[in-house]
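Colleague: Here it is, the structure, as structure tokens.
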Amino acid sequence: MTAKQPRHETSVAAFDDLALSVRESHSGREDLAESSRTHVRSRPGIGFAGRHHGEILQGAWRAPSVHGPTEPVPCLVTMPVPEHGSRVQFVRGPGAALEVEPLWKVKAVRAARLTLDFLGERRSGGRLTVDCPVPPGLGLGSSTSDVVATIRAVCDAHGAPIEPRQLARLAVETERAIDPIMFDEGVLFAPRQGRVLEHWQGALPEFFVVSVDTDPQRGGIDTLSLAVPRYTAAELAEYDELICRARRAFRARDAQAMAGVATRSAELNQRYLPMRGFADLLALAHHAGCLGLQISHSGTVAGFLFDSAARDAVQDRLRPALRALGMRCLGAFRAGVAHAAGV
110 MTAKQPRHET SVAAFDDLAL SVRESHSGRE DLAESSRTHV RSRPGIGFAG RHHGEILQGA
170 WRAPSVHGPT EPVPCLVTMP VPEHGSRVQF VRGPGAALEV EPLWKVKAVR AARLTLDFLG
230 ERRSGGRLTV DCPVPPGLGL GSSTSDVVAT IRAVCDAHGA PIEPRQLARL AVETERAIDP
290 IMFDEGVLFA PRQGRVLEHW QGALPEFFVV SVDTDPQRGG IDTLSLAVPR YTAAELAEYD
350 ELICRARRAF RARDAQAMAG VATRSAELNQ RYLPMRGFAD LLALAHHAGC LGLQISHSGT
410 VAGFLFDSAA RDAVQDRLRP ALRALGMRCL GAFRAGVAHA AGV
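Each residue of the sequence shown is one higher than the last, beginning at 110 in the numbering used here.
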């Protein structure tokens, strides 16, 4: 989940007095604390995290029940980008103070402090260096990428491996709503609970995705300031069907079906967070021969979904129309395969 980009600074800030509200949930912490004490390393810890391009689906999930519909849980399926997001280095220090560079990466500091507590290292500190090529505020998961990479770096510095499920729990404690970039497999995810609702087998269908910033003058969206949507009964029923369609498309690697899910999810989202020029984007997608359109449901980025056989020339054909709409083409990448053309 992303937020507006603060003013950049080049100096280093110390956060030894950072106030944190830590829940005392000790499930799994004793083993990790013991691991960190018996495998302490003096070398810096390094952590990497992935990135994404908004969502294929975002809505609400209701657990199957013989007694009828259950309470809806906010859910999403991300559109992964097959290249690294954040890289974080953590150097252990002699005291409890935490430093970070650049200094505006305060979520990384919170993630480091919570991770140290998780490892039983309450009196430990150190220095974080965060490098993230993902622009914030567009809906590309820059803050979750920072948080996940930080948690991995701190654990690496202490020689303590961490499972994706535990990592997700720390990440959601850090920033309240997260993206499931810590999981290598396809998942239906509850972003405000930090838990997997469904594990999906197979791989994402292959797409060639043209990335667009629909509102480059806006400067991003503070996603955590957005209210949780209150879906109607008709919308909840439609999300039940969309999740079923996405599950089948994912397992069958059916790009056409998955693009249909993404397009419909984007349309439903317009009632809660309208995207600038969305109707024009849909018309352009139809004219360009796309399979469909996917968006960041809480950002300004949209993706034209083409068949995997498409080439870079398709984005060149889109650029004049996008410029006329006051939008900016960010590039293209291949989803569902092991390499990217770059966003």
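Note that the Cβ used here is the ideal one computed from N, Cα and C, for glycine as well.
(1) Grab me the residues of Gly386's own chain with a C-beta within less than 7 angstroms of its C-beta, minus the 5 sequence neighbours each way, in chain order.
(2) Can you name the start and end residues of the beta strand (DSSP E) that Ala299 belongs to?
(3) Does the beta-carbon distance from Pro191 to Arg301 come in below 8 angstroms?
(4) In the DSSP assignment, what are the bridge partners of His189?
(5) So the candidates are Glu272, Val218 and Thr179; which of them puts its Cα closest to the Cα of Gln198?
(6) Got a sec? Which residues, its chain only, sit under 7 angstroms from Ala169 by beta carbon, not counting five neighbours each side?
(7) According to DSSP, is Ser174 helix, strand or coil?
(8) What number of angstroms, rounded off, separates the C-alpha of Glu272 from the C-alpha of Gly235?
(9) Bridge partners of Ile260, per DSSP?
(10) Does DSSP classify Ser136 as helix, strand or coil?
(11) How far does the alpha helix (DSSP H) with Glu210 in it extend, from its first residue to its last?
(12) Ala269: which of Glu230, Cys241, Met291 and Arg278 sits nearest, CA to CA?
(13) For the ligand SAM, is there any heavy atom lying closer than 7 angstroms to the beta carbon of Arg385?
(14) To the nearest angstrom, how far is it from the Cα of Gln167 to the Cα of Val186?
(15) Starting from the C-beta of Ala381, find all residues in its chain whose C-beta is less than 7 angstroms away, skip the five residues before and the five after it, and write them out in chain order.
(16) Please go through the same chain and pick out, in chain order, the residues whose beta-carbon is closer than 8 angstroms to the beta-carbon of Arg426, but skip the five residues on each side of it.
(17) Which term fits Gly303, buried or exposed, when burial requires 16 or more other beta carbons within 10 angstroms of its beta carbon?
(18) Which runs of the alpha helix (DSSP H) spanning at least 4 residues fall entirely within the region 411 to 446, listed in chain order?
(19) In angstroms with no decimal places, state the Cα-to-Cα distance between Ala206 and His193.
(20) Go ahead and pull the three-state DSSP assignment for Gly168.
(21) Is Pro173 buried or exposed, if buried means 16 or more other CB atoms sit within 10 Å of its CB?
(22) Is the distance from the Cβ of Arg261 to the Cβ of Ala158 below 8 angstroms?
(23) Does DSSP put Arg150 in a helix, a strand or coil?
(24) Beta-carbon separation of Glu315 and Ala364 under 8 angstroms?
(25) Taking the alpha carbon of Val318 as the point to measure from, which residue in Arg356, Leu237 and Ala368 has its own alpha carbon closest?
(26) Beta carbon of Leu249, beta carbon of Ser405: below 8 angstroms?
(27) Rank Arg274, Ala258 and Gly295 by C-alpha distance to the C-alpha of Ala355 and give the top, closest one.
(28) Name the one or two DSSP bridge partners that Thr238 has.
(29) For Cys184, name the three-state secondary structure that DSSP assigns.
(30) Pull up the DSSP beta-bridge partners for Phe60, would you.
(31) Between the Cα of Thr409 and those of Arg420, Pro429, Phe415 and Cys438, spot the shortest distance and give me the residue it belongs to.
(32) Of all the options Ser233, Ala342 and Ala419, which has the alpha carbon lying nearest to the alpha carbon of Pro203?
(33) To the nearest angstrom, how far is it from the Cα of Trp213 to the Cα of Thr224?
(34) If Gln379 and Glu164 are in contact, beta carbons under 8 angstroms, what's the gap, nearest whole angstrom?
(35) What does the alpha-carbon distance come out to for the pair Gln275 and Leu313?
Modeller: Let me lay it out:
(1) Thr323, Leu434 and Met436
(2) Gly295 to Ala299
(3) no
(4) Per the sequence shown, residue 189 should be read as Pro rather than His. In the DSSP output, where bridge partners are listed per residue, Pro189 has His161.
(5) Val218
(6) Pro181, Val182, Pro183, Cys184, Tyr340, Leu345 and Tyr348
(7) coil
(8) 23 angstroms
(9) DSSP output for Ile260 lists no bridge partner at all.
(10) Unreliable placement is indicated for Ser136, whose pLDDT of 41 sits below 50; the coordinate value is still reported in the next sentence. Coil, per DSSP.
(11) It is not in any alpha helix (DSSP H) - Glu210 instead sits in the beta strand (DSSP E) that spans Leu207 to Glu210.
(12) Glu230
(13) This structure lacks the ligand SAM; in fact it carries no ligand of any kind.
(14) 6 angstroms
(15) Here the sequence assigns Tyr to residue 381, which means Ala is not the residue at that position. For Tyr381, where only same-chain residues beyond five positions count, the Cβ hits under 7 angstroms are Pro338.
(16) Ala397
(17) buried
(18) 422 to 433
(19) 28 angstroms
(20) strand
(21) exposed
(22) yes
(23) Reliability of the predicted coordinates at Arg150 is poor, the pLDDT of 48 falling under 50, and no value is obtained from them.
(24) yes
(25) Ala368
(26) yes
(27) Gly295
(28) Gln198 and Glu210
(29) strand
(30) Absent from the structure is residue 60, since the part of the chain shown begins at 110 and ends at 452.
(31) Cys438
(32) Ser233
(33) 19 angstroms
(34) 14 angstroms between Cβ atoms; not a contact.
(35) 24 angstroms
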